[in-house]
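There are 2 protein chains.
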Amino acid sequence: MSSGKWQELAKAKREQLQQGIPKEWTISPRSESNVLQIPGECGVLSSQELEITSLSDVSVLLRNIATAKWSSLEVTRAFCKRAAIAHQVTNCLTDAFFDSALKKAAELDDYLQRNGKVVGPLHGLPISLKDQFQVKGYPTPMGYTSWLDKVAEEDAVVVQILRESGAVIYVRTNVPQTLMWTETYNNVYGRTVNPFNTSLTPGGSSGGEAALLAMHGSILGLGTDIGGSSRLPAHFCGVYGFKPSYHRLPWYGAVNSLDGQESISTVVGPMSTSMSGLQIITKAILDAKPWRKDPQALRKPWDHEGYALSEHVGGKRLCFGIMWDDGTLKPHPPVLRALRQVKGALEAAGHSVIDWTPYKHGEIYDVTRAIWYADGGEDYEACLSPTGEPLINSMKPGADPHEVVAHRKPREPLSAYKLWQLHKQKRRLRKEHLDRWESTSSRTGTGRPIDALLCPVAPYVAVPHGQTRSAVYTMIWNALDYPALAIPVTKVDPSVDTVQSRERFFSPDDETLHKLYDPEIFKGVPVGIQLVTQPQEEEALLAMGQIVDDAIRKPSETCGL
Amino acid sequence: MSSGKWQELAKAKREQLQQGIPKEWTISPRSESNVLQIPGECGVLSSQELEITSLSDVSVLLRNIATAKWSSLEVTRAFCKRAAIAHQVTNCLTDAFFDSALKKAAELDDYLQRNGKVVGPLHGLPISLKDQFQVKGYPTPMGYTSWLDKVAEEDAVVVQILRESGAVIYVRTNVPQTLMWTETYNNVYGRTVNPFNTSLTPGGSSGGEAALLAMHGSILGLGTDIGGSSRLPAHFCGVYGFKPSYHRLPWYGAVNSLDGQESISTVVGPMSTSMSGLQIITKAILDAKPWRKDPQALRKPWDHEGYALSEHVGGKRLCFGIMWDDGTLKPHPPVLRALRQVKGALEAAGHSVIDWTPYKHGEIYDVTRAIWYADGGEDYEACLSPTGEPLINSMKPGADPHEVVAHRKPREPLSAYKLWQLHKQKRRLRKEHLDRWESTSSRTGTGRPIDALLCPVAPYVAVPHGQTRSAVYTMIWNALDYPALAIPVTKVDPSVDTVQSRERFFSPDDETLHKLYDPEIFKGVPVGIQLVTQPQEEEALLAMGQIVDDAIRKPSETCGL
């Protein structure tokens, strides 16, 4: 293939990123498929830096900075180094703002020392960003070569708020071309791999963020989510991912794929190595009154009563629904085992769990995809054509460029009128789902409907590159606008997660998926579950997420390591 | 013109409505142009019924029912009678549910007597509904002959909530064909006229509701608003109209024009003869947790702190912005006088008022209309074609059916992709407007941005039938999703509202509008102003509306009479 304009642009950007990593933080090429131990072994990080970055709990790290146990400079340098290592083994970064981050950290340390108080709730904390959140003075290419010269005039609103809250912005992370994939590969930065097994995908579209967090190159970051993009990679990489409701967190100033599509809004999706990280960043952002900066942000402050579960008897004796499958694709054995484990843990903690029957997931799936792709590909074309960069149609390594995987087949563009008809259909489906949720009050024994719903994040764990399908288990909650969490539970254990024979299948796709399962391929890979509540119940979801997390986890256990 | 299928359907429906009015409530034809005094003079209502229906303050009426000073049956019968009279002189009704209303009122009286308490915050209160809110067992034709046989299987969610709160549903009110007009005329029910002067329009699209309220045939009702449809008729008829933010009040189960268009959402728009009516119904609906019935309703309970103006120093020494014109159409003299009167009253009450310069109203206007009409007329066609009913292209009495007024010219349908580009443009305009609002903090002297904005509801008062233009002064707040109130201020007085000569005009349209003004045409017609706040500040807006209302009104003055 001859090297055209877009190849040159991409090469230059990759070299620039490479040059941003100090020589003393580089390591020699490695051949392990599980690369999680490399930061601890490579000798780049000091023992203090390893201690800092081995933390999972964001609240502890913030406290250690606020009490000057560790300076922000020490913490930031530790995460910059570990992010640099993570990048060298997973290709997770798109930007390294190490110099400005270390300078900012020193300023924050100085402020704390002079004033005896923190600048805000995120004082001194390095926070990573998916390559959609604009940072003033830099382009946000989002994997498109044609966007490499579009320099941001302002920080995205959420980045402004993070900075005002004391956060240190130090890296941005990789995405798939067009974003509308659950893997992470593009023509600018190439492919991000799963640190648990580099032959597997970390998921997408916030795949760079998830790989970085799993490597403990970050403890807290922002992904985004329109169909599972924060939750799926979290599940694949053993970290926590959060999809709030539309416009709960400020989107303004983030770049996007299919921009202007507002029927199913992309949301800011916090990701972390701990539940505390998701809670802290959500509260910090809401406490900054984002509606004063983003015209679409809901005027809905952090709800203390919601977090105290005032509508859920304070979190005592909750009743969870559990959906074992969605009626279209039956989950692989480790996913079902994770659900059983969570059910058992919750019951042991005094809660109850009742079955939830899936409802019209196929129809919701069809409507959602019809809405997303209503432009018939015009948005992608507008982003690709300036440099002649090709559309990626398969994420299989070495795929024939003309091969188009099933869920990426081109669609006919729709008229605005046709789009309106889809909105009507979606509204009806949302009403039917709400009524079903409310109707569970006859079965819970609490007088309330189910407090939250447990279900798979995906029918599988991290799969080999190019093997993901559409995000059926996550996108439904985007369509219904139900907030959802991905919570890590366990890891694939071939001795118990054996192949289960099945005689009946929902569909040929279901049968194909069934045949994909091989315990040896997925050995040791993380498995999460999804927790879902009603629209705009973010605080209650985060509180119930903590209850689920406490129920399934021993206190000493750290995440992802 | 030969009488085809649609004419027969329309005639049958009108006759059915006529038959629903008891003979003893009918009056002989009248020739006055101002028909407001007819209920008091016609002899149909008893003196007690006149006393009941002369009230404007909803809180007083509710108290009188709750304390059994008046029974709900007495109140309901009084309003049924007065609504029947109002209909005979303004053609404001589409449905008269008198029998079921009286039955329900008697049940509520019985409940109160037996239990010594009310069923809910709207106990025994008759509430009128625009002909968009479905009532179980009845069609909601919304002015289309083809919808006359579409019988509702359920009440609209907001109707369910009103009933559960104790309201009595007794009438529905007229609308324009297609709804997208600021007048009220359709092929089923014909034209609604303004009770202050029947040669003038009551406005639209909630024109039936406004005419009924002005006649005191209702004290509280629900209109809707996508571009001014609750505020403009309120302004034209001397009553109060409220446009909340998108999805603050539950929409589900209401029928609509351009249904599925969600970029600029139609909202439930309460209308009343008093500010207390708007406050009481909004709180009653929110206290019923509408998000448990409407999947799109915001989970945002009534905000007591917001209503206490906790972010606006408790309502002491507020600073209002005032916009005298929008830079496209200069308001007629009485509209400017109403603004000056409000400014003076607020300053006399200790508040300050600073000028606000309009910003890109023309661009917002263009984007809004492009979004509304993105279907190129396909929705109208789908509603009209089943019966062959013609599209109304002009609301001038006796207009040539082929004449199409300027703001109703057909548009080309847009693709979904093109619609997305309009969303991007709108988002940027909303951001610029928000930043401008926030930036006023440098000029208010309070340390805060302006607390609310005063502006015209329209550049004119109620105009002769067929003379309205697009709703430039109201639709901008729909596009920006800023909640807004229309508050009646004064009436046109030819001795002071004289023609003002102008040498410069914003445009030929502006000049044409200028020439329309003739004090004698508009003599005695109501004039309102608009009050606007930031998105989802409904409670603060209602509280500040009360402050404005108190400042301009003597306590003894009643509304609309």
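Going down the list, the protein sequences come from chains R and V.
Going by our numbering, the first residue of the first sequence is number 62, and it counts up by one from there.
Going by our numbering, the first residue of the second sequence is number 62, and it counts up by one from there.
Glycine residues also receive a C-beta, built at the ideal position from the N, C-alpha and C atoms.
Quick caveat, the model's predicted, so the values are computed rather than measured.
Return the chain-ordered list of same chain residues with a C-beta closer than 8 Å to the C-beta of residue 449 of chain R, the five sequence neighbours on each side being excluded. Cβ within range, chain order: 65, 66 and 67.
Closest Cβ-Cβ distance between residue 474 of chain V and chain R: below 7 Å? Answer yes: the Cβ-Cβ gap between residue 474 of chain V and chain R drops below 7 Å somewhere.
Output the residue ranges of the alpha helix (DSSP H) runs that lie fully inside the stretch 101–184 of chain V and measure 4 residues or longer, sorted by chain position. You should have 108–115, 119–127, 133–151 and 159–176.
Expected contact under 8 Å - CB spacing of residue 547 of chain V and residue 301 of chain V to nearest Å: The C-beta distance from residue 547 of chain V to residue 301 of chain V rounds to 7 Å, short enough to fall under 8 Å.
With 8 Å as the limit, tell me which residues of the stretch 298–321 of chain V have their beta carbon closer than that to any beta carbon of chain R; keep them in chain order. Taking 8 Å as the upper bound on Cβ-Cβ separation, chain R lies near residues 313, 319, 320 and 321 of the stretch 298–321 of chain V.
Backbone secondary structure at residue 643 of chain R - three-state DSSP: What is shown of chain R runs 62 to 622, which leaves residue 643 of chain R out entirely.
What's the C-alpha gap between residue 114 of chain R and residue 280 of chain R? Approximately 8 Å between the Cα atoms of the pair.
Which class does residue 618 of chain R belong to by DSSP, given the choice of helix, strand or coil? Low confidence applies here, because residue 618 of chain R scores a pLDDT of 44, under 50, leaving its location unreliable; read the following figure in that light. Here residue 618 of chain R sits in coil by DSSP.
Would you kindly report the start and end of the unbroken beta strand (DSSP E) that includes residue 282 of chain V? Where residue 282 of chain V is concerned, the enclosing beta strand (DSSP E) stretches over 281–286.
Where residue 189 of chain R sits in the DSSP three-state scheme: Residue 189 of chain R: strand per DSSP, three-state reduction.
Report the rounded CA-to-CA distance for residue 275 of chain R versus residue 213 of chain R, giving the unit in angstroms. Residue 275 of chain R and residue 213 of chain R have their C-alpha atoms spaced approximately 29 Å apart.
Fully enclosed by the stretch 184–251 of chain V, which beta strand (DSSP E) runs are 3 residues long or longer? The qualifying runs are 187–191 and 229–234.
Is it true that the CB of residue 236 of chain R sits closer than 7 Å to the CB of residue 203 of chain R? Yes.
Is there a Cβ from chain A that is less than 7 Å from the Cβ of residue 482 of chain V? Annotation note: the requested chain A is absent from the structure, which comprises protein chains R and V.
Would you mind telling me which residues of chain R sit closer than 8 Å to residue 193 of chain V, beta carbon to beta carbon, in chain order? Result: empty, since nearest Cβ-Cβ is about 15 Å, beyond 8 Å.
Since I believe residue 477 of chain R is in contact with residue 223 of chain V (beta carbons under 8 Å), could you give me their beta-carbon distance rounded to a whole number of angstroms? So it is not a contact: roughly 33 Å between Cβ atoms.
Does the stretch 281–297 of chain V come within contact of the stretch 253–271 of chain V, defined as at least 3 CB pairs closer than 8 Å? Enough Cβ pairs lie closer than 8 Å, so yes.
Can you list, in chain order, the residues of its chain whose CB lies under 8 Å from that of residue 446 of chain R, leaving out five sequence neighbours each side? The residues 207, in chain order, have a CB closer than 8 Å to that of residue 446 of chain R in the same chain once the five nearest residues on each side in sequence are set aside.
Residue interval of the alpha helix (DSSP H) (run including residue 399 of chain V): Here the alpha helix (DSSP H) through residue 399 of chain V covers 394–409.
Residue 470 of chain R at chain V interface by Cβ criterion, 7 Å: For residue 470 of chain R, no Cβ of chain V is located within less than 7 Å of the residue's own Cβ.
Neighbourhood of residue 543 of chain R by C-beta distance below 7 Å, restricted to the same chain and skipping five residues each side: The residues are 593, 594, 595 and 596.
Please classify residue 176 of chain V as buried or exposed, where buried requires at least 16 other C-beta atoms within 10 Å of its C-beta. It counts as exposed.
I'd like to know whether the C-beta of residue 134 of chain R is nearer than 7 Å to at least one C-beta of chain V. Look at residue 134 of chain R: its C-beta is not under 7 Å from any C-beta on chain V.
In chain V, which residues lie with their C-beta within 8 Å of the C-beta of residue 324 of chain R? Within chain V, the residues near residue 324 of chain R are 323.
Using a Cβ cut-off of 7 Å (strictly closer), state whether residue 495 of chain R contacts chain V. At least one chain V Cβ lies under 7 Å of residue 495 of chain R.
Bridge partners for residue 332 of chain V per DSSP, in chain order? According to DSSP, residue pairing for residue 332 of chain V in a beta bridge involves V/282 and V/302.
Mind listing the chain R neighbours of residue 359 of chain V? Cutoff is C-beta to C-beta under 8 Å, in chain order. Simply 359, 361 and 597.
Mind checking residue 80 of chain V: buried by the 16 CB within 10 Å criterion, or exposed? Exposed, because fewer than 16 other Cβ atoms sit within 10 Å of the Cβ of residue 80 of chain V.
Opening and closing residue of the alpha helix (DSSP H) in which residue 326 of chain V lies: It is not in any alpha helix (DSSP H) - residue 326 of chain V carries neither H nor E in the DSSP assignment.
What is the rounded straight-line gap between the Cα of residue 601 of chain R and the Cα of residue 374 of chain R? Cα to Cα, the separation comes out at about 11 Å.
Suppose you measure from the CA of residue 556 of chain V to the CA of residue 194 of chain V; what does that come to, to the nearest Å? As the crow flies, the alpha-carbon of residue 556 of chain V is around 42 Å from that of residue 194 of chain V.
Between the stretch 320–340 of chain V and the stretch 567–587 of chain V, can you find at least three pairs of beta-carbon atoms closer than 8 Å? Contact between the stretch 567–587 of chain V and the stretch 320–340 of chain V is absent, because fewer than three Cβ pairs lie under 8 Å.
Beta carbons nearer than 9 Å to chain R: which residues of the stretch 537–555 of chain V have them? Those would be 541 and 542, in chain order.
Which residues, taken in chain order from the stretch 414–448 of chain R, show a beta carbon closer than 8 Å to some beta carbon of chain V? Under the 8 Å Cβ criterion, the stretch 414–448 of chain R contributes 435, 436, 437, 439 and 440.
Considering just the uninterrupted stretch of the beta strand (DSSP E) at residue 413 of chain V, what are its terminal residues? Unbroken beta strand (DSSP E) run through residue 413 of chain V: 413–416.
Residue closest to residue 292 of chain V, alpha-carbon to alpha-carbon, out of V/323, V/581, V/519 and V/507: V/519 is the residue among V/323, V/581, V/519 and V/507 whose C-alpha sits nearest the C-alpha of residue 292 of chain V.
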